[in-house]
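Numbering (the numbering used here), first residue to last: 200 to 595.
Note that the Cβ used here is the ideal one computed from N, Cα and C, for glycine as well.
As the structure is a prediction and not an experimental result, all values here were calculated from the model.
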(Lines of atoms letter the chains of each structure in order from A and count residues from 1; the text may use other names and numbers.)
(Lines give C-alpha, C1' and ligand atoms only; values in the text may rest on other atoms or scores of the structure.)
Protein backbone atom coordinates (compact mmCIF):
# COMPACT_ATOMS: atom_id res chain seq x y z
CA UNK A 1 0.00 0.00 0.00
CA UNK A 2 1.43 3.36 -1.00
CA UNK A 3 0.44 7.01 -1.26
CA UNK A 4 1.49 9.84 -3.54
CA UNK A 5 1.16 13.44 -2.35
CA UNK A 6 1.39 16.52 -4.56
CA UNK A 7 2.53 19.35 -2.33
CA UNK A 8 4.52 22.57 -2.47
CA UNK A 9 4.31 25.75 -0.39
CA UNK A 10 1.31 24.70 1.72
CA UNK A 11 3.29 22.20 3.81
CA UNK A 12 6.94 21.59 4.54
CA UNK A 13 8.53 18.18 4.08
CA UNK A 14 9.34 18.22 7.79
CA UNK A 15 5.65 18.54 8.68
CA UNK A 16 4.75 15.70 6.36
CA UNK A 17 7.46 13.45 7.78
CA UNK A 18 6.23 14.11 11.31
CA UNK A 19 2.68 13.07 10.45
CA UNK A 20 3.43 10.19 8.09
CA UNK A 21 6.37 8.58 9.84
CA UNK A 22 6.55 4.89 9.00
CA UNK A 23 4.07 5.12 6.12
CA UNK A 24 4.84 4.29 2.50
CA UNK A 25 4.53 7.49 0.50
CA UNK A 26 6.11 9.56 -2.25
CA UNK A 27 6.17 13.35 -2.42
CA UNK A 28 5.70 15.11 -5.74
CA UNK A 29 5.88 18.84 -6.55
CA UNK A 30 2.72 20.88 -7.22
CA UNK A 31 0.61 19.05 -9.77
CA UNK A 32 0.15 20.12 -13.36
CA UNK A 33 -1.75 18.57 -16.25
CA UNK A 34 -0.78 14.96 -16.82
CA UNK A 35 0.83 14.41 -13.41
CA UNK A 36 -2.12 12.51 -11.95
CA UNK A 37 -2.27 10.26 -15.01
CA UNK A 38 1.46 9.54 -14.69
CA UNK A 39 1.11 8.94 -10.96
CA UNK A 40 -1.48 6.25 -11.69
CA UNK A 41 1.19 4.29 -13.56
CA UNK A 42 2.91 3.69 -10.21
CA UNK A 43 -0.28 2.03 -8.95
CA UNK A 44 -0.62 3.80 -5.59
CA UNK A 45 -3.48 3.01 -3.25
CA UNK A 46 -4.26 6.71 -2.86
CA UNK A 47 -3.26 10.12 -4.21
CA UNK A 48 -3.44 13.36 -2.26
CA UNK A 49 -3.55 16.70 -4.07
CA UNK A 50 -2.70 19.80 -2.06
CA UNK A 51 -0.80 22.19 -4.32
CA UNK A 52 -0.97 22.60 -8.07
CA UNK A 53 -0.06 25.10 -10.75
CA UNK A 54 -2.58 27.68 -11.92
CA UNK A 55 -0.43 29.59 -14.40
CA UNK A 56 2.51 29.10 -16.81
CA UNK A 57 1.65 25.42 -17.33
CA UNK A 58 -1.73 23.69 -17.84
CA UNK A 59 -3.49 22.89 -14.57
CA UNK A 60 -4.50 19.44 -13.37
CA UNK A 61 -7.30 18.20 -15.58
CA UNK A 62 -10.53 16.98 -14.02
CA UNK A 63 -10.56 14.04 -16.43
CA UNK A 64 -7.28 12.59 -15.20
CA UNK A 65 -8.66 12.62 -11.65
CA UNK A 66 -11.74 10.79 -12.90
CA UNK A 67 -9.42 8.37 -14.67
CA UNK A 68 -7.55 7.73 -11.42
CA UNK A 69 -10.77 7.02 -9.54
CA UNK A 70 -11.91 4.80 -12.40
CA UNK A 71 -8.72 2.80 -11.85
CA UNK A 72 -9.72 2.20 -8.22
CA UNK A 73 -7.38 4.79 -6.69
CA UNK A 74 -8.79 6.90 -3.86
CA UNK A 75 -8.20 10.63 -4.42
CA UNK A 76 -8.04 13.27 -1.69
CA UNK A 77 -7.87 17.05 -2.06
CA UNK A 78 -7.43 20.02 0.26
CA UNK A 79 -6.04 23.51 0.86
CA UNK A 80 -5.26 24.75 -2.64
CA UNK A 81 -5.67 23.16 -6.07
CA UNK A 82 -6.75 20.01 -4.27
CA UNK A 83 -9.64 21.82 -2.59
CA UNK A 84 -10.86 23.27 -5.89
CA UNK A 85 -10.79 19.96 -7.73
CA UNK A 86 -12.38 18.13 -4.80
CA UNK A 87 -15.24 20.63 -4.68
CA UNK A 88 -15.79 20.13 -8.41
CA UNK A 89 -15.52 16.33 -8.29
CA UNK A 90 -16.87 15.40 -4.85
CA UNK A 91 -20.08 14.11 -6.41
CA UNK A 92 -17.96 11.63 -8.40
CA UNK A 93 -16.09 10.32 -5.38
CA UNK A 94 -13.12 12.64 -4.78
CA UNK A 95 -12.65 13.16 -1.04
CA UNK A 96 -12.37 16.82 -0.04
CA UNK A 97 -10.94 17.89 3.30
CA UNK A 98 -11.03 21.12 5.29
CA UNK A 99 -12.70 24.50 5.44
CA UNK A 100 -11.45 25.75 2.07
CA UNK A 101 -12.90 22.70 0.34
CA UNK A 102 -16.21 23.18 2.16
CA UNK A 103 -16.39 26.86 1.20
CA UNK A 104 -15.78 26.06 -2.47
CA UNK A 105 -18.25 23.20 -2.40
CA UNK A 106 -20.97 25.38 -0.86
CA UNK A 107 -20.34 28.18 -3.34
CA UNK A 108 -19.22 30.66 -0.70
CA UNK A 109 -15.91 30.81 -2.57
CA UNK A 110 -15.65 30.58 -6.35
CA UNK A 111 -12.43 32.12 -7.65
CA UNK A 112 -9.12 30.33 -8.13
CA UNK A 113 -7.29 33.40 -6.85
CA UNK A 114 -8.59 32.65 -3.34
CA UNK A 115 -5.82 30.08 -2.94
CA UNK A 116 -3.28 31.25 -5.52
CA UNK A 117 0.04 32.70 -4.37
CA UNK A 118 3.49 33.26 -5.83
CA UNK A 119 6.35 31.26 -4.39
CA UNK A 120 9.92 30.19 -5.03
CA UNK A 121 11.07 26.88 -6.50
CA UNK A 122 11.42 23.58 -4.71
CA UNK A 123 15.18 24.12 -4.49
CA UNK A 124 14.52 27.38 -2.66
CA UNK A 125 12.06 25.77 -0.27
CA UNK A 126 8.80 26.99 -1.86
CA UNK A 127 9.11 30.30 -0.01
CA UNK A 128 5.85 32.28 -0.28
CA UNK A 129 6.03 35.80 -1.66
CA UNK A 130 2.34 36.64 -1.23
CA UNK A 131 -0.52 35.74 1.11
CA UNK A 132 -3.47 33.58 0.12
CA UNK A 133 -6.85 35.29 0.17
CA UNK A 134 -8.33 32.41 2.16
CA UNK A 135 -5.74 33.00 4.88
CA UNK A 136 -6.52 36.72 4.94
CA UNK A 137 -10.23 35.93 5.28
CA UNK A 138 -9.63 33.58 8.20
CA UNK A 139 -7.28 35.97 9.98
CA UNK A 140 -9.54 39.01 9.64
CA UNK A 141 -12.52 36.94 10.82
CA UNK A 142 -10.51 36.00 13.89
CA UNK A 143 -9.48 39.63 14.43
CA UNK A 144 -13.12 40.66 14.30
CA UNK A 145 -14.10 37.91 16.76
CA UNK A 146 -11.34 39.13 19.08
CA UNK A 147 -12.66 42.68 19.01
CA UNK A 148 -9.72 44.17 17.13
CA UNK A 149 -11.88 45.35 14.22
CA UNK A 150 -15.62 45.61 13.61
CA UNK A 151 -17.73 44.12 10.81
CA UNK A 152 -17.53 47.18 8.61
CA UNK A 153 -13.76 47.38 8.90
CA UNK A 154 -13.36 43.67 8.21
CA UNK A 155 -15.54 43.85 5.11
CA UNK A 156 -13.69 46.90 3.80
CA UNK A 157 -10.30 45.26 4.30
CA UNK A 158 -11.51 42.08 2.59
CA UNK A 159 -12.87 44.05 -0.36
CA UNK A 160 -9.54 45.85 -0.70
CA UNK A 161 -7.58 42.58 -0.51
CA UNK A 162 -9.84 40.93 -3.06
CA UNK A 163 -9.31 43.64 -5.67
CA UNK A 164 -5.54 43.24 -5.42
CA UNK A 165 -3.81 40.86 -7.81
CA UNK A 166 -2.97 37.70 -5.90
CA UNK A 167 0.75 38.39 -6.30
CA UNK A 168 0.36 41.71 -4.44
CA UNK A 169 -1.54 40.41 -1.44
CA UNK A 170 0.16 40.65 1.93
CA UNK A 171 -1.00 41.53 5.42
CA UNK A 172 1.03 44.72 5.32
CA UNK A 173 -0.60 45.77 2.04
CA UNK A 174 -4.08 45.03 3.38
CA UNK A 175 -3.58 46.78 6.72
CA UNK A 176 -2.42 49.92 4.91
CA UNK A 177 -5.13 49.66 2.27
CA UNK A 178 -7.08 52.69 1.09
CA UNK A 179 -10.58 53.17 -0.23
CA UNK A 180 -11.50 54.54 -3.66
CA UNK A 181 -10.99 58.10 -2.42
CA UNK A 182 -7.47 57.35 -1.25
CA UNK A 183 -8.42 57.46 2.43
CA UNK A 184 -6.88 54.76 4.67
CA UNK A 185 -9.39 52.08 5.62
CA UNK A 186 -7.95 51.97 9.13
CA UNK A 187 -8.12 55.61 10.15
CA UNK A 188 -7.10 55.17 13.77
CA UNK A 189 -3.42 54.51 14.46
CA UNK A 190 -4.32 52.47 17.54
CA UNK A 191 -6.46 50.07 15.50
CA UNK A 192 -3.74 49.75 12.88
CA UNK A 193 -1.12 48.86 15.48
CA UNK A 194 -3.41 46.41 17.26
CA UNK A 195 -4.19 44.64 14.00
CA UNK A 196 -0.50 44.49 13.08
CA UNK A 197 0.27 42.93 16.44
CA UNK A 198 -2.63 40.51 16.12
CA UNK A 199 -1.52 39.40 12.66
CA UNK A 200 2.05 38.94 13.86
CA UNK A 201 0.96 36.70 16.72
CA UNK A 202 -2.30 35.10 15.65
CA UNK A 203 -2.54 35.04 11.85
CA UNK A 204 -4.28 31.94 10.56
CA UNK A 205 -2.75 29.80 7.84
CA UNK A 206 -5.93 28.12 6.67
CA UNK A 207 -4.20 26.38 3.80
CA UNK A 208 -1.72 24.77 6.18
CA UNK A 209 -4.46 23.71 8.59
CA UNK A 210 -6.46 22.08 5.81
CA UNK A 211 -3.36 20.39 4.40
CA UNK A 212 -2.62 18.93 7.84
CA UNK A 213 -6.21 17.70 8.03
CA UNK A 214 -5.66 15.90 4.73
CA UNK A 215 -2.54 14.22 6.13
CA UNK A 216 -4.49 13.08 9.18
CA UNK A 217 -7.35 11.64 7.13
CA UNK A 218 -5.08 9.87 4.67
CA UNK A 219 -3.04 8.45 7.55
CA UNK A 220 -6.20 7.06 9.14
CA UNK A 221 -7.36 5.57 5.85
CA UNK A 222 -3.88 4.14 5.26
CA UNK A 223 -4.03 2.22 8.54
CA UNK A 224 -7.60 1.03 7.96
CA UNK A 225 -7.14 0.35 4.26
CA UNK A 226 -8.10 2.63 1.40
CA UNK A 227 -11.37 2.11 -0.40
CA UNK A 228 -12.29 3.86 -3.62
CA UNK A 229 -15.96 3.13 -2.95
CA UNK A 230 -18.64 2.57 -5.54
CA UNK A 231 -18.08 4.35 -8.83
CA UNK A 232 -21.07 6.42 -9.93
CA UNK A 233 -19.83 7.43 -13.37
CA UNK A 234 -18.67 5.89 -16.63
CA UNK A 235 -15.33 7.19 -17.81
CA UNK A 236 -15.71 8.58 -21.33
CA UNK A 237 -12.81 8.06 -23.66
CA UNK A 238 -12.53 11.25 -25.75
CA UNK A 239 -10.28 12.68 -28.43
CA UNK A 240 -8.93 15.27 -25.98
CA UNK A 241 -8.05 12.51 -23.54
CA UNK A 242 -6.14 10.64 -26.22
CA UNK A 243 -4.34 13.83 -27.21
CA UNK A 244 -3.12 14.31 -23.64
CA UNK A 245 -1.88 10.73 -23.48
CA UNK A 246 -0.14 11.12 -26.82
CA UNK A 247 1.51 14.34 -25.65
CA UNK A 248 2.75 12.72 -22.45
CA UNK A 249 4.04 9.75 -24.42
CA UNK A 250 5.84 12.09 -26.79
CA UNK A 251 7.47 13.91 -23.88
CA UNK A 252 8.59 10.62 -22.36
CA UNK A 253 10.00 9.41 -25.66
CA UNK A 254 11.97 12.64 -25.99
CA UNK A 255 13.28 12.18 -22.47
CA UNK A 256 14.26 8.63 -23.34
CA UNK A 257 16.03 9.54 -26.59
CA UNK A 258 19.84 9.59 -26.76
CA UNK A 259 20.18 8.29 -23.18
CA UNK A 260 23.35 6.46 -24.20
CA UNK A 261 24.94 9.74 -25.28
CA UNK A 262 24.09 11.80 -22.22
CA UNK A 263 24.24 10.91 -18.55
CA UNK A 264 21.68 13.60 -17.83
CA UNK A 265 19.01 11.97 -19.98
CA UNK A 266 15.92 10.55 -18.29
CA UNK A 267 14.20 7.43 -19.56
CA UNK A 268 10.50 6.73 -19.44
CA UNK A 269 11.23 4.20 -16.71
CA UNK A 270 12.92 6.85 -14.61
CA UNK A 271 9.98 9.20 -15.12
CA UNK A 272 7.70 6.50 -13.74
CA UNK A 273 10.05 5.60 -10.92
CA UNK A 274 11.29 2.19 -12.11
CA UNK A 275 15.02 2.76 -12.60
CA UNK A 276 15.72 -0.96 -12.91
CA UNK A 277 13.91 -0.94 -16.26
CA UNK A 278 16.41 1.58 -17.57
CA UNK A 279 19.28 -0.71 -16.58
CA UNK A 280 17.54 -3.73 -18.09
CA UNK A 281 16.93 -1.77 -21.29
CA UNK A 282 20.61 -0.92 -21.68
CA UNK A 283 21.76 -4.51 -21.09
CA UNK A 284 19.06 -6.33 -23.07
CA UNK A 285 17.94 -3.97 -25.82
CA UNK A 286 16.35 -6.58 -28.11
CA UNK A 287 14.47 -8.34 -25.32
CA UNK A 288 13.39 -5.01 -23.87
CA UNK A 289 12.03 -3.92 -27.25
CA UNK A 290 9.92 -7.08 -27.47
CA UNK A 291 8.60 -6.48 -23.95
CA UNK A 292 7.93 -2.85 -24.76
CA UNK A 293 6.00 -3.74 -27.92
CA UNK A 294 3.87 -6.26 -26.04
CA UNK A 295 3.24 -3.78 -23.22
CA UNK A 296 2.33 -1.08 -25.71
CA UNK A 297 -0.14 -3.38 -27.46
CA UNK A 298 -1.69 -4.28 -24.10
CA UNK A 299 -2.01 -0.61 -23.19
CA UNK A 300 -3.63 0.23 -26.53
CA UNK A 301 -6.02 -2.70 -26.16
CA UNK A 302 -7.10 -1.53 -22.71
CA UNK A 303 -7.53 2.03 -23.94
CA UNK A 304 -9.64 0.79 -26.85
CA UNK A 305 -11.91 -1.05 -24.41
CA UNK A 306 -12.56 2.27 -22.66
CA UNK A 307 -13.07 3.99 -25.99
CA UNK A 308 -15.80 1.48 -26.85
CA UNK A 309 -17.46 1.90 -23.46
CA UNK A 310 -16.85 -1.68 -22.34
CA UNK A 311 -17.67 -2.38 -18.68
CA UNK A 312 -16.00 -5.29 -16.88
CA UNK A 313 -18.69 -7.59 -15.49
CA UNK A 314 -18.26 -9.96 -12.55
CA UNK A 315 -18.29 -12.90 -14.96
CA UNK A 316 -15.63 -11.33 -17.18
CA UNK A 317 -13.43 -10.67 -14.15
CA UNK A 318 -13.85 -14.23 -12.91
CA UNK A 319 -13.02 -15.66 -16.34
CA UNK A 320 -9.99 -13.39 -16.60
CA UNK A 321 -8.66 -14.61 -13.25
CA UNK A 322 -9.12 -18.25 -14.25
CA UNK A 323 -7.42 -17.68 -17.61
CA UNK A 324 -4.57 -15.84 -15.90
CA UNK A 325 -4.11 -18.73 -13.46
CA UNK A 326 -4.01 -21.24 -16.32
CA UNK A 327 -1.47 -19.18 -18.26
CA UNK A 328 0.78 -19.04 -15.20
CA UNK A 329 0.30 -22.68 -14.09
CA UNK A 330 -1.51 -21.73 -10.90
CA UNK A 331 -4.14 -24.43 -11.42
CA UNK A 332 -3.21 -27.89 -10.14
CA UNK A 333 -5.65 -30.79 -10.44
CA UNK A 334 -8.37 -28.33 -11.42
CA UNK A 335 -7.84 -26.33 -8.22
CA UNK A 336 -6.29 -22.87 -7.93
CA UNK A 337 -3.06 -22.88 -5.91
CA UNK A 338 -3.58 -19.81 -3.70
CA UNK A 339 -0.18 -20.15 -2.06
CA UNK A 340 1.50 -20.04 -5.46
CA UNK A 341 -0.46 -16.90 -6.33
CA UNK A 342 0.57 -15.23 -3.06
CA UNK A 343 4.21 -16.12 -3.69
CA UNK A 344 3.91 -14.70 -7.19
CA UNK A 345 2.32 -11.50 -5.87
CA UNK A 346 5.15 -11.09 -3.39
CA UNK A 347 7.72 -11.57 -6.15
CA UNK A 348 5.94 -8.96 -8.31
CA UNK A 349 5.63 -6.59 -5.31
CA UNK A 350 1.85 -6.46 -5.56
CA UNK A 351 -0.73 -6.14 -2.82
CA UNK A 352 -4.25 -7.55 -3.19
CA UNK A 353 -5.76 -4.26 -4.34
CA UNK A 354 -3.09 -3.86 -7.01
CA UNK A 355 -3.57 -7.47 -8.11
CA UNK A 356 -7.31 -6.94 -8.46
CA UNK A 357 -6.69 -3.82 -10.53
CA UNK A 358 -4.35 -5.78 -12.80
CA UNK A 359 -7.04 -8.41 -13.24
CA UNK A 360 -9.60 -5.75 -14.19
CA UNK A 361 -7.21 -4.45 -16.84
CA UNK A 362 -6.40 -7.99 -17.97
CA UNK A 363 -10.12 -8.64 -18.43
CA UNK A 364 -10.23 -5.65 -20.76
CA UNK A 365 -7.16 -6.94 -22.58
CA UNK A 366 -8.67 -10.41 -23.04
CA UNK A 367 -11.90 -8.81 -24.27
CA UNK A 368 -10.04 -6.84 -26.91
CA UNK A 369 -8.03 -9.89 -27.97
CA UNK A 370 -11.26 -11.82 -28.48
CA UNK A 371 -12.25 -9.19 -31.06
CA UNK A 372 -9.04 -9.61 -33.04
CA UNK A 373 -8.51 -13.39 -32.87
CA UNK A 374 -9.52 -13.77 -36.50
CA UNK A 375 -6.38 -12.14 -37.85
CA UNK A 376 -5.93 -12.83 -41.55
CA UNK A 377 -3.20 -15.25 -42.61
CA UNK A 378 -1.45 -12.60 -44.66
CA UNK A 379 -1.20 -10.38 -41.55
CA UNK A 380 0.67 -13.16 -39.73
CA UNK A 381 2.95 -13.68 -42.73
CA UNK A 382 3.68 -9.95 -42.89
CA UNK A 383 4.64 -9.97 -39.22
CA UNK A 384 6.96 -12.94 -39.69
CA UNK A 385 8.67 -11.17 -42.57
CA UNK A 386 9.11 -7.83 -40.82
CA UNK A 387 10.64 -9.63 -37.81
CA UNK A 388 12.94 -11.74 -40.00
CA UNK A 389 11.45 -15.06 -38.90
CA UNK A 390 9.70 -16.02 -42.13
CA UNK A 391 12.56 -17.89 -43.82
CA UNK A 392 13.44 -19.85 -40.70
CA UNK A 393 9.90 -21.11 -40.32
CA UNK A 394 9.34 -21.60 -44.05
CA UNK A 395 12.26 -24.02 -44.45
CA UNK A 396 11.72 -25.90 -41.21
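One or two residues paired with residue i in a DSSP bridge
| i | result |
| --- | --- |
| residue 534 | 531 |
| residue 377 | 383 |
| residue 346 | Answer by DSSP bridge pairing: none, since residue 346 is not bridged. |
| residue 318 | 327 |
| residue 299 | Per DSSP, none; premise fails for residue 299. |
| residue 230 | 251 |
Collapsed DSSP secondary structure at residue i in the structure displayed
| i | result |
| --- | --- |
| residue 364 | coil |
| residue 387 | coil |
| residue 551 | helix |
| residue 288 | helix |
| residue 397 | helix |
| residue 237 | helix |
| residue 205 | strand |
| residue 501 | helix |
| residue 457 | With a pLDDT of 42 at residue 457, under the threshold of 50, the predicted position of this residue should be treated as unreliable, and no value is reported. |
| residue 540 | helix |
| residue 432 | coil |
| residue 310 | coil |
| residue 369 | coil |
| residue 442 | helix |
| residue 510 | coil |
| residue 200 | coil |
| residue 256 | coil |
| residue 353 | helix |
| residue 426 | coil |
| residue 338 | helix |
Beta-carbon proximity list for residue i, same chain, < 8 angstroms, skipping 5 on both sides
| i | result |
| --- | --- |
| residue 563 | 500, 501, 504, 505, 509 and 511 |
| residue 416 | 275, 294 and 296 |
| residue 384 | 352, 355, 356, 359, 376, 377 and 378 |
Close beta carbons around residue i, own chain, < 7 angstroms, minus the five adjacent residues each side
| i | result |
| --- | --- |
| residue 315 | 253 and 365 |
| residue 279 | 209, 249, 250, 251, 314 and 406 |
| residue 312 | 332 and 365 |
| residue 363 | 372 |
| residue 257 | 231 and 232 |
| residue 418 | 218, 219 and 222 |
| residue 298 | 405 and 409 |
Residue i, buried or exposed, once every other Cβ within 10 Å from all chains shown has been counted against 16
| i | result |
| --- | --- |
| residue 381 | exposed |
| residue 551 | exposed |
| residue 244 | buried |
| residue 581 | exposed |
| residue 284 | buried |
| residue 404 | buried |
| residue 567 | buried |
Run of the beta strand (DSSP E) containing residue i, from where it starts to where it stops
| i | result |
| --- | --- |
| residue 227 | 224-227 |
| residue 294 | 294-296 |
| residue 523 | Per DSSP, residue 523 belongs to no beta strand (DSSP E); it is in the alpha helix (DSSP H), 513-526. |
| residue 215 | Element bounds for residue 215: not the beta strand (DSSP E) but the alpha helix (DSSP H), 212-218. |
| residue 278 | Looking at the DSSP string, residue 278 is not in any beta strand (DSSP E), and its letter there is neither H nor E. |
| residue 245 | 245-248 |
Residue i - containing alpha helix (DSSP H), residue span
| i | result |
| --- | --- |
| residue 590 | 589-593 |
| residue 264 | 261-269 |
| residue 586 | Taken as a continuous stretch (DSSP letters only), residue 586 belongs to no alpha helix (DSSP H), as it is neither H nor E. |
| residue 410 | 405-423 |
Neighbourhood of residue i by C-beta, 6 angstroms cutoff - its chain only, sequence neighbours within 5 removed
| i | result |
| --- | --- |
| residue 331 | 314, 316 and 406 |
| residue 143 | What is shown of the chain runs 200 to 595, which leaves residue 143 out entirely. |
| residue 302 | 308 |
| residue 421 | 222 |
| residue 348 | 342 |
| residue 270 | 239 |
| residue 432 | 291 |
| residue 471 | Low confidence applies to residue 471: its pLDDT is 44, below 50, so where it sits in the model is not reliable enough to give any reading. |
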